[in-house]
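In the working numbering, the protein residues as written are 1 to 166.
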């Protein structure tokens with residue numbers, strides 16, 4: 001056990017999302033269709049039917065997931081009635097990626113649009129209750145310009161009386 005190993009394994013980043021879902025196998029299939037995920041491996045849960053642990057790769061990032069297990073304190077967004085967490089996925093063609101996710105079964109929460117902060121972005125809810133923002137960088141914006149645009153955006157939203165995410 002004295003062999004020196006890397007504290008962060010190859011292919012991992014410092015932060016790795018871990019999702020709890022109802023229907024792990026279906027979630028993996030959805031992420032393959034919607035986001036081009038590649039399955040690294042999966043282990044069955046104690047019942048032999050659920051996913052105890054799985055890893056998929058989307059772009060250059062690994063995402064872990066498992067079926068919910070209330071006995072272990074793991075519940076999916078569906079059990080809680082929603083989630084306060086959103087995953088942000090940068091892509092090279094956000095319009096095509098957004099359409100692919102919707103075609104695979106994601107629900108549009110916020111349509112794609114060019115944002116004041118220099119991104120083209122839109123938000124989706126996957127069939128398992130997780131929120132995803134798909135984004136593509138389209139413009140470099142200085143902090144000063146971003147503040148000006150934010151002020152303009154906020155004033156416009158206040159006049160409309162409608163809630164809207166930046």
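Every residue, glycine too, gets a C-beta built ideally from N, C-alpha and C. Quick caveat: nothing in here was measured; it's all calculated off a predicted structure.
Beta-carbon gap between residue i and residue j smaller than 8 Å
i           : j           : result
residue 7   : residue 87  : no
residue 104 : residue 34  : yes
residue 122 : residue 134 : yes
residue 65  : residue 101 : no
residue 40  : residue 58  : no
residue 67  : residue 38  : no
residue 136 : residue 90  : yes
residue 153 : residue 116 : yes
As assigned by DSSP and simplified to three states, the class of residue i
i           : result
residue 127 : coil
residue 33  : helix
residue 168 : The displayed coordinates of the chain run from 1 to 166. Any statement about residue 168 would go beyond what the structure contains.
residue 68  : coil
residue 24  : helix
residue 145 : helix
residue 44  : strand
residue 159 : helix
Buried or exposed (CB count within 10 angstroms, at least 16 for buried), residue i
i           : result
residue 60  : exposed
residue 158 : exposed
residue 54  : buried
residue 75  : exposed
residue 168 : Examination of residue 168 is not possible in this model, given that the chain is present from 1 through 166 alone.
residue 130 : buried
Original post:
Would you call the segment 66-73 and the segment 87-96 in contact, with 3 or more CB pairs under 8 Å?
Top reply: No: fewer than three Cβ pairs fall under 8 Å.
Original post:
Does the segment 103-122 come close enough to the segment 9-23 that 3 or more CB-CB pairs lie under 8 Å?
Top reply: no
**OP:** Note down, one range per segment and in chain order, each beta strand (DSSP E) of at least 3 residues found wholly within the segment 79-127.
**Re:** List check, beta strand (DSSP E) in window: 86-90, 107-114 and 119-125.
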